[in-house]
Amino acid sequence: MDTDGWLGAVLSLLFLALLMLFWIAEASVNNASRGRIKRQADSGSKKARVIDKLLDDTESLFSTLIVAKSLAVVGLFVATSVFVADAYNGLRVTPVIVTVAVLIVIIALLQIVCREIALRRSEKIVVGLSGVLSVTATTLAPISGLVSFLARAIAGIFRGKPDEDTDEDESDEMRLLVDENQEEVDLEQDEKDMIRAVVELDETLAREIMIPRIDVVAAAKESSIRQIIEIIVSTGYSRIPIYEDTIDNIVGLVYAKDLLPILEQGKIEEPITEIARTPHFIPESKKVDDLLHEFQQSKVHVAIVVDEYGGTAGLVTIEDLLEEIVGEIEDEYDAEESKVERVSDSEAVMNAKVSIDEVKDIFGVDIEGEDYDTVGGFVFSRLGRIPVVADVIEIDGIKIEVLTTVGRRVKEVKISKISNVKTKDNGSDKQE
10 MDTDGWLGAV
20 LSLLFLALLM
30 LFWIAEASVN
40 NASRGRIKRQ
50 ADSGSKKARV
60 IDKLLDDTES
70 LFSTLIVAKS
80 LAVVGLFVAT
90 SVFVADAYNG
100 LRVTPVIVTV
110 AVLIVIIALL
120 QIVCREIALR
130 RSEKIVVGLS
140 GVLSVTATTL
150 APISGLVSFL
160 ARAIAGIFRG
170 KPDEDTDEDE
180 SDEMRLLVDE
190 NQEEVDLEQD
200 EKDMIRAVVE
210 LDETLAREIM
220 IPRIDVVAAA
230 KESSIRQIIE
240 IIVSTGYSRI
250 PIYEDTIDNI
260 VGLVYAKDLL
270 PILEQGKIEE
280 PITEIARTPH
290 FIPESKKVDD
300 LLHEFQQSKV
310 HVAIVVDEYG
320 GTAGLVTIED
330 LLEEIVGEIE
340 DEYDAEESKV
350 ERVSDSEAVM
360 NAKVSIDEVK
370 DIFGVDIEGE
380 DYDTVGGFVF
390 SRLGRIPVVA
400 DVIEIDGIKI
410 EVLTTVGRRV
420 KEVKISKISN
430 VKTKDNGSDK
440 QE
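Residue numbers (the numbering used here): 10 to 441.
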């Protein structure tokens with residue numbers, strides 16, 4: 010074998026090593042935690058700062074890696090061809106086919122190995138390769154930029170209707186990541202619950218978390234500032250809706266902090282309309298993640314929820330949104346009582362305001378239907394009339410008994426899981 014053959018062999022190994030390097034880099038970038046890299050950058054790591062800057066434009070970075078891998082593959086096959094031609098005194102069909110086949114198998118196996126290497130220590134590897142990636146990105150910038158432009162142009166031609174299931178698939182994928190990688194990620198249970206809650210924000214509607222109309226404390230337009238102060242003191246609420254004629258016609262919103270200058274001036278007999286702010290209205294079908302963004306943009310902390318007919322359905326605050334993520338937030342005015350009291354593993358007493366989703370989680374049952382959000386709403390829906398104490402419903406493996414009512418409302422229920430029983434309920438109720 011002459012000089013060309015040896016050169017081809019050496020270059021083949023060099024291009025193969027480069028290809029492996031870019032595979033490892035790509036897999037590491039894909040799996041590295043941006044948060045950990047940012048923390049390293051903030052703590053003074055120069056390499057972490059370099060890779061953090063590259064990750065600001067992941068599209069360009071991945072385009073660079075694709076171009077680099079493609080060039081390495083081309084170089085590998087050219088160098089291998091030179092080596093094979095020298096070894097067999099020319100490019101004969103059989104040796105070439107065998108060599109290409111073996112090379113493809115080797116490449117496939119090495120790609121798997123590189124991926125496994127990258128998955129084990131993604132952040133450390135990607136930070137360690139920051140210099141290589143920076144030089145590669147700078148060197149191949151013209152080519153990768155052209156490739157990205159052509160790719161976007163071609164994709165634009167074939168762009169169709171967005172997949173409606175994309176958001177749902179991404180949410181499911183995030184849940185799987187939390188569940189399957191809990192040991193590696195080392196998350197506490199409350200942290201995992203918080204991540205799931207954030208993921209589910211785009212599936213939750215305003216009507217599911219709002220304070221229902223019947224529980225909204227509001228005041229008439231004719232009320233004086235003194236009367237509003239009395240309401241705030243007695244309820245502990247810092248924002249009171251103001252209505253004209255009926256609660257379906259909310260015309261203002263009073264903030265407790267706006268009353269402080271009035272108290273100092275002693276004008277407590279003035280009409281409340283003097284300081285009422287313009288209310289913010291949202292439809293009850295608004296998704297919670299959109300509502301959170303809207304609150305941030307408009308700088309408001311409370312919104313009046315309206316139904317499809319324009320009537321008042323309820324009220325939602327920034328605290329209600331935060332509770333969807335971090336759980337119940339109690340202040341000094343909240344009663345220190347649990348909404349759910351577990352009697353045993355198969356039985357619980359709970360407030361009728363508890364969401365039906367929470368009941369599903371507690372008892373591991375699948376309750377069908379979309380016309381209700383709370384246990385009380387479910388009871389109303391199944392009975393088809395005003396519930397009374399001792400009403401019982403059996404459905405989908407659980408028994409719900411009405412314990413107390415207030416007026417036409419269900420206040421408290423007892424739910425028991427029925428062992429090895431799944432009862433079909435036809436809307437009738439039982440009396441015990």
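Each residue gets a CB set at the ideal place from its N, CA and C atoms; glycine is no exception.
What does DSSP give as the partner residue(s) for P292 in the beta ladder?
V315
Which of helix, strand or coil DSSP assigns to K78:
helix
Which listed residue (S42, I256 and A77) has its alpha carbon closest to that of S442:
Beyond the ends of the chain as shown, which are 10 and 441, falls residue 442; an answer cannot be given.
Delimiting residues of the beta strand (DSSP E) encompassing V349:
V349 to S353
Based on Cα-Cα distance, which residue from Q305, L210, V315 and V141 lies nearest to R222?
V315
Enclosing beta strand (DSSP E) for S425 [first to last residue]:
R418 to K426
Residue environment, V335, which counts as buried when at least 16 other CB atoms sit within 10 Å
exposed
Beta-carbon spacing of G261, R286 below 8 Å:
yes
Quick one: any contact between the region 380 to 390 and the region 347 to 361, if contact means 3 or more CB pairs under 8 Å?
yes
Using DSSP with H/G/I as helix, E/B as strand and the rest coil, what is K369?
helix
Just to confirm, is the Cβ distance from S157 to S72 under 8 Å?
yes
Does the region 237 to 244 come close enough to the region 291 to 305 that 3 or more CB-CB pairs lie under 8 Å?
no
If the criterion is Cβ atoms closer than 8 Å, does the pair V136 and A57 meet it?
yes
For T414 and I395, what's the separation of their Cα atoms in angstroms?
10 Å
Nearest-angstrom Cα separation, counted from D405 out to E356:
15 Å
With a CB to CB cut of under 6 Å and the five nearest residues on each side skipped, what residues in its chain are close to T108?
V93
For F304, collect the residues of the same chain with a Cβ closer than 8 Å to its Cβ; drop the 5 residues on either side in sequence, then sort them by chain order.
H310, A312, I327 and L330
Element boundaries [alpha helix (DSSP H), containing R391]:
V384 to L392
Judging by CA-CA distance, which residue of Q306, G323 and E421 is the nearest neighbour of P250?
G323
Put T147 into one of helix, strand or coil per three-state DSSP.
helix
Cβ shell of R124 (< 6 Å), same chain only, five flanking positions each side left out
A36
Spatially closest choice to A34 from E377, K78 and E403, by CA coordinates:
K78
Buried or exposed: which applies to Y318, given that a residue is buried once 16 or more other Cβ atoms fall within 10 Å of its Cβ?
exposed
Assign E403 to one of three DSSP states: helix, strand, or coil.
strand
K276 by DSSP, collapsed to three states: which one?
coil
Alpha carbon to alpha carbon, how far is L300 from V419? Give it in angstroms, no decimals.
29 Å
Assuming R235 is part of the alpha helix (DSSP H), what are its boundary residues?
I234 to T244
Pull up the CB-CB distance for I284 and S233, whole angstroms please, since I reckon it's below 8 Å.
11 Å between Cβ atoms; not a contact.
Given this structure, state the Cα-to-Cα distance separating K455 from G373, to the nearest angstrom.
A question about residue 455 goes unanswered here, because the residues of the chain that appear run from 10 up to 441.
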